[in-house]
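Everything below concerns the one structure shown next.
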Amino acid sequence: MPMSDEAPTISGEDPPYVPDFDISKPAIARVYDASLGGKDNFAVDREGAALVAKYVPDIRKASQDNRRGLAKGVEYVARQGIDQFLDIGAGLPTMQNTHQVAQAVNPDAKVCYVDNDPIVLAHGRALLADDKSTTIVTADLRDPESILDHPDVRKMIDFDRPIGLMVVGLMMHFHRDEHPGEWVKTLIDACPSGSYLHITDFADTGYPEQERMERSCIQALGNGWIRTPEEIEAHFQGLPLVEPGIEYPARWFPGEPDREVPAVEDLEEWQRIIMCGVARKP
13 MPMSDEAPTI SGEDPPYVPD FDISKPAIAR VYDASLGGKD NFAVDREGAA LVAKYVPDIR
73 KASQDNRRGL AKGVEYVARQ GIDQFLDIGA GLPTMQNTHQ VAQAVNPDAK VCYVDNDPIV
133 LAHGRALLAD DKSTTIVTAD LRDPESILDH PDVRKMIDFD RPIGLMVVGL MMHFHRDEHP
193 GEWVKTLIDA CPSGSYLHIT DFADTGYPEQ ERMERSCIQA LGNGWIRTPE EIEAHFQGLP
253 LVEPGIEYPA RWFPGEPDRE VPAVEDLEEW QRIIMCGVAR KP
């Protein structure tokens with residue numbers, strides 16, 4: 013979709029599908045797309061991305077770092093034999109999407125994307141129109157039952173078999189008082205033994221760039237809170253974490269405990285924005 017302020021449509025439908033969304037306010041998925049240099053955003057989203065960049069000049073690199081965390085997690089989970097993924101808060105298609113990473117390991121892997129932004133649905137429907145192993149639905153993590161009961165989710169995902177549940181780049185947009193971990197618990201409780209949960213979140217380990225990230229996101233979006241590694245670990249609802257536990261993407265190599273990693277103090281500022289983790293449900 014070109015960088016314009018016209019609402020997108022999807023051809024081939026009668027009447028054409030026109031998503032209902034407000035382009036007077038920045039949206040998480042579109043600001044993230046703008047920060048990555050994408051084209052699926054509006055002027056207000058680019059203004060939001062520019063505001064974040066004032067505080068975090070390397071926001072594009074930080075956004076790409078989050079995608080690297082996603083890719084590492086998906087690849088690890090796929091290599092454990094998981095062949096179906098439920099990706100919550102998927103956002104707009106960009107580099108190293110879940111279905112591309114998973115299907116590089118297992119071409120038969122199935123992926124169901126979930127997002128509450130109608131433009132994500134519009135773009136995803138067009139992109140995945142001919143992909144029978146990948147689908148996208150509109151639903152919201154705040155209402156996990158609506159995800160679990162969605163007919164298209166149930167059509168793609170078999171809840172009698174292990175699932176890779178992805179909640180990447182999403183938890184930071186919910187305040188602690190909303191108790192977002194309870195929503196995640198509802199989802200992981202519905203997944204059978206042998207499933208995996210992969211989460212990334214904004215880090216709070218005392219570095220000034222982390223506080224600047226929080227301040228800029230709250231100004232641009234009204235949300236975007238940093239959390240300590242202990243708070244991020246709590247998202248996993250007591251599930252055992254795969255080594256090395258909660259870590260920055262540049263230092264995070266699940267399943268490779270002997271991998272040589274850089275010291276935290278040697279990381280660039282943009283490499284200390286996000287932390288990752290993956291856990292297995294016994």
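FYI, in the numbering used here the residues of the sequence shown are 13 to 294. C-beta: ideal position from N, C-alpha, C; glycine also.
Check residue i in the structure and name its three-state DSSP category.
i	result
residue 193	helix
residue 239	strand
residue 253	strand
residue 26	Note that residue 26 scores 38 on pLDDT, short of 50, meaning its location in the model is unreliable; the coordinates nonetheless yield the value given after this. Coil, per DSSP.
residue 228	helix
residue 144	coil
residue 137	helix
residue 276	helix
residue 44	helix
residue 219	coil
residue 118	coil
residue 51	coil
residue 187	coil
residue 132	helix
residue 92	coil
residue 268	coil
residue 234	coil
residue 109	coil
Going by the DSSP bridge assignment, what does residue i pair with across the sheet?
i	result
residue 209	177 and 291
residue 259	288
residue 100	126 and 179
residue 149	126
residue 214	286
Suppose the cutoff is 7 Å on Cβ atoms and the five residues either side in sequence are ignored; what does the same chain contact list for residue i look like?
i	result
residue 193	246, 247 and 249
residue 205	293 and 294
residue 27	Here the model assigns residue 27 a pLDDT of 38, short of 50, so the residue's position is not dependable, and the following value carries that caveat. Counting only Cβ-Cβ distances below 7 Å, and skipping sequence neighbours, we find nothing.
residue 274	262 and 263
residue 49	72
Please go through the same chain and pick out, in chain order, the residues whose beta-carbon is closer than 6 Å to the beta-carbon of residue i, but skip the five residues on each side of it.
i	result
residue 103	41 and 44
residue 176	89, 94, 97 and 208
residue 167	none
residue 219	284
residue 115	121
residue 296	Outside the displayed span of the chain (13 to 294) sits residue 296, for which this structure offers no information.
residue 240	216
residue 145	122
With a threshold of 7 Å (Cβ to nearest heavy atom), would residue i be considered close to the ligand MN?
i	result
residue 189	Absence of the ligand MN is noted for the structure shown, with no ligands found whatsoever.
By Cβ distance below 8 Å, which residues in the same chain neighbour residue i in space, the five residues on each side in sequence not counted?
i	result
residue 282	68, 70, 71, 73, 74, 77 and 221
residue 271	265
residue 269	255 and 256
*Would you say the segment 92–100 touches the segment 119–134, given that touching needs at least three Cβ pairs under 8 Å?*
yes
Under 8 Å, with one C-beta from each stretch per pair, do the segment 195–204 and the segment 230–244 reach the 3-pair mark?
no
(Q) Check whether the segment 54–64 and the segment 78–92 are in contact - that is, three or more C-beta pairs closer than 8 Å. (A) no
### Query
Is the segment 284–292 in contact with the segment 208–221, if contact means three or more CB pairs nearer than 8 Å?
yes
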